[in-house]
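Heads up: the sequence shown is residues -17 to 510, going by the numbering used here. For every residue, glycine included, the Cβ atom is placed at its ideal position computed from N, Cα and C. The next block holds one structure in the form of structure tokens; read it before the comments.
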Amino acid sequence: MADTAPHRPEQAAGEGWSDARVTFAADGPLEGAWHAATERLERCLVAHPGRAPILHEGGIYGGAWVESTASICCEVLARFLPGVAAETIRRVVSQPGPDGQLPYKVTPEGPSYAQIQMVTPFARSVARVAALAADPALLADAYPALAAHDAWLAEHRDTRGTGGVEAFCTYDTGHDRSPRFWHVPDGCPGGDATRYDRDNPRLPFVAPDLTANVAAQRLALAGIAASLHLDPEPWRVKAARSQRALLEQTWHDEDGTFYDRDAQGEPVRVNTDALLRVLACGIGGDAFFDAAAERHLLNPRRFFAAFPFTSVALDDPRFDPHTAYNSWAGPTNMLAILRAPDAFEPHGRYVELGWALWPTVAALSREVRFAQTVNPWVGDQGFTSDYAPAILALLDFVERCCGVLPRFDRTLWVTGMRAPQVQHDLPATATSYGRDVGGRRYDLRVEGEDATLRVDGDVSAVFPAGLRLVLDAAGDLSEIVGMVARTVEGELTWGGTTVEVAVAGNERWAWNAGRPERVAARGVIVPR
């Protein structure tokens, strides 16, 4: 193997961990787990020979995978080490194949093109990382390669002319060992992603997660094109075509979910987290999401295990909970839960998302190993360790639930949730989180029934625990969000104004000159 070396986070980027001065303290095991995560992260920052360090997948995975490392993981990393996140993306887009195909991973030995392996929409991640890293040049650097890869997919992965995107093998989706791909080869013949096993009468599959991925990437490419003063409309037209193909080819109305469609025109009726992947690509409106959540995602007989979300439905006879190996045949995978906010938050399902995030926080706090898989019944960690998606999941969920989170849209989420009791213990009874954003220092303390936000050392807000304050780009309060199922009541103080509030779960209240006004009331979906 080529000579590689891990880099400490503070060495990895000029605008990075030490400059942001991200700090966290807690009463309970969560504090130790969080600090372990920041230390273990350095093992995943690897300098290839003669190059700047990039993020690696970690564990047994020696490289950066586009489906995860260079996409969703870099979105989180950009809040802490923006330079490394941007460099990881540049390493991918700078190495297309001669026919325009992007590598599915880059390693110290070079890029690999053996499969497409797409899950989180890469173009969307590029746009978000560019915003978080304040690096608009990243858009111009990435756009030609992203556009060329889209053309490559259209040429090679729609052999049946459906408008969808086809899976030729298991690895195209990263669903290793999933019964979704029983009796289908793991890889493409000869490591050539333009080929599939023509002796297999079921191949290729029109895949819902791959098709939704391309639909989301095309919408993101429209946004990138507009920012580069190019015409976005062709991308919007292509995105709409992908969305139509997704529904026409892979939606099963009776079952209320998405399935692969094989070469015989039959649905592959295995209930997997492909549904969660499709929703995380922004497919469907509020009513569509709510129906999927009630029937599947928040159903304890389906995917809502004690430690959500399972990779195969619990009531599917092919469900396999074993976690000792890389498996998407049943265990909860850290990548699935790391991607979940993109499915829930656009539909205002903050409370329900919290029910999934906190068990993960508890599992990672109890055993500081940062594994890829988790037993969905008891939360014991399984395969591999020092796995970047698990490390970044803890850093993300702490910031999302009881911290100060800078968003790609330049808003700031200040969330005062208390850690709930998941099993027999609490990961924390009080928390304190701080970071620099835009030249200002934000410190949030959550203890008992109250949360206190200080800005540059001065008390800026005092509010009841269980709420989120949304600050705009100028640092002014714009919204209040109910983050727990009950109605949170009490006094909220901002800018010298104190008002009584009563905010129900998932409600959003606009802050208009010191007067809260309700703008959304979604209610709460009760798991059953």
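For Ala269, does the count of other Cβ atoms within 10 angstroms reach 16, so buried, or fall short, so exposed?
Classification for Ala269: exposed.
Check Gln83 in the structure and name its three-state DSSP category.
Residue state, collapsed to three classes: coil.
Quick one: grab the DSSP three-state call for Ile515.
Here the chain has residues from -17 to 510 only, and residue 515 is not among them.
Under 6 angstroms Cβ to Cβ from Pro93, same chain only, skipping five residues before and after it: list those, please.
For Pro93, where only same-chain residues beyond five positions count, the Cβ hits under 6 angstroms are Gln77 and Pro85.
What runs of the alpha helix (DSSP H), each 4 residues or longer, lie entirely inside the region 352 to 418?
Within the region 352 to 418, the complete alpha helix (DSSP H) runs of at least 4 residues are 370 to 384.
DSSP state of Tyr241, grouped into three classes?
It is coil, neither helix nor strand.
Can you check which of these residues, Arg259, Tyr307 and Gly264, is closest to Val356 by C-alpha distance?
Ranking the options by Cα distance to Val356, first place goes to Tyr307.
Between the Cα of Arg521 and the Cα atoms of Pro167, Thr475, Leu192 and Ala189, which residue gives the shortest distance?
An answer regarding residue 521 cannot be provided, because it is not within the stretch -17 to 510 covered by the chain.
Per the contact definition of three or more C-beta pairs closer than 8 angstroms, is the region 439 to 457 in contact with the region 471 to 489?
These segments touch.
For the region 278 to 285 against the region 200 to 220, are there 3 or more C-beta pairs whose distance is under 8 angstroms?
With a cut-off of 8 angstroms, the region 200 to 220 and the region 278 to 285 do not count as touching, because too few Cβ pairs lie within range.
I need the straight-line Cα distance from Ala130 to Thr102, nearest angstrom please.
Taking the straight line from one Cα to the other gives about 18 angstroms.
Looking at the secondary structure, which residues open and close the alpha helix (DSSP H) in which Thr193 lies?
Unbroken alpha helix (DSSP H) run through Thr193: Pro190 to Ser209.
Buried or exposed: where does Ser310 fall if 16 or more other Cβ atoms within 10 Å of its Cβ makes it buried?
With the sequence shown as reference, residue 310 is identified as Trp, and Ser is not the correct amino acid for it. Trp310 comes out buried.
Could you compute how far the alpha carbon of Asp425 sits from the alpha carbon of Gly266?
Near 37 angstroms, if we compare the C-alpha coordinates of Gly266 and Asp425.
Only counting runs of 4 or more residues, tell me where the alpha helix (DSSP H) segments fall wholly within the region 78 to 130, in order along the chain.
Segments of the alpha helix (DSSP H) lying fully in the region 78 to 130: 104 to 114.
Kindly indicate the opening and closing residues of the beta strand (DSSP E) around Val437.
Asp432 to Val437 is the extent of the beta strand (DSSP E) around Val437.
Find out if the Cβ-Cβ distance for the pair Thr193, His138 is shorter than 8 angstroms.
In this structure, His138 does not lie closer than 8 angstroms to Thr193 by Cβ.
Quick one, are the C-beta atoms of Gly416 and Thr152 less than 8 angstroms apart?
Result no, Cβ atoms of Gly416 and Thr152 do not sit closer than 8 angstroms.
Pick helix, strand or coil for Asp533, following the three-state DSSP scheme.
Nothing can be reported for residue 533: it is not among the residues displayed for the chain, which extend from -17 to 510.
For the region -2 to 80, which segments carrying the alpha helix (DSSP H) assignment without a break, of at least 4 residues, lie completely within its bounds, in sequence order?
Runs found: -1 to 2, 12 to 23, 56 to 59 and 64 to 75.
Specify the secondary structure class of Asn315 as computed by DSSP and reduced to three states.
Looking at Asn315 - three-state DSSP - the assignment turns out to be strand.
How would you call His329, buried or exposed, if buried means at least 16 neighbouring beta carbons within 10 angstroms?
Label assigned to His329: buried.
Measuring straight from C-alpha to C-alpha, what distance separates Leu128 and Gly336?
Their backbone Cα atoms lie some 33 angstroms apart in a straight line.
Can you list, in chain order, the residues of its chain with a C-beta nearer than 8 angstroms to that of Phe301? Leave out the 5 residues immediately preceding and following it.
Once the five neighbours on either side are set aside, the close Cβ partners of Phe301 are Thr292, Val294, Ala295, Ala311 and Gly312.
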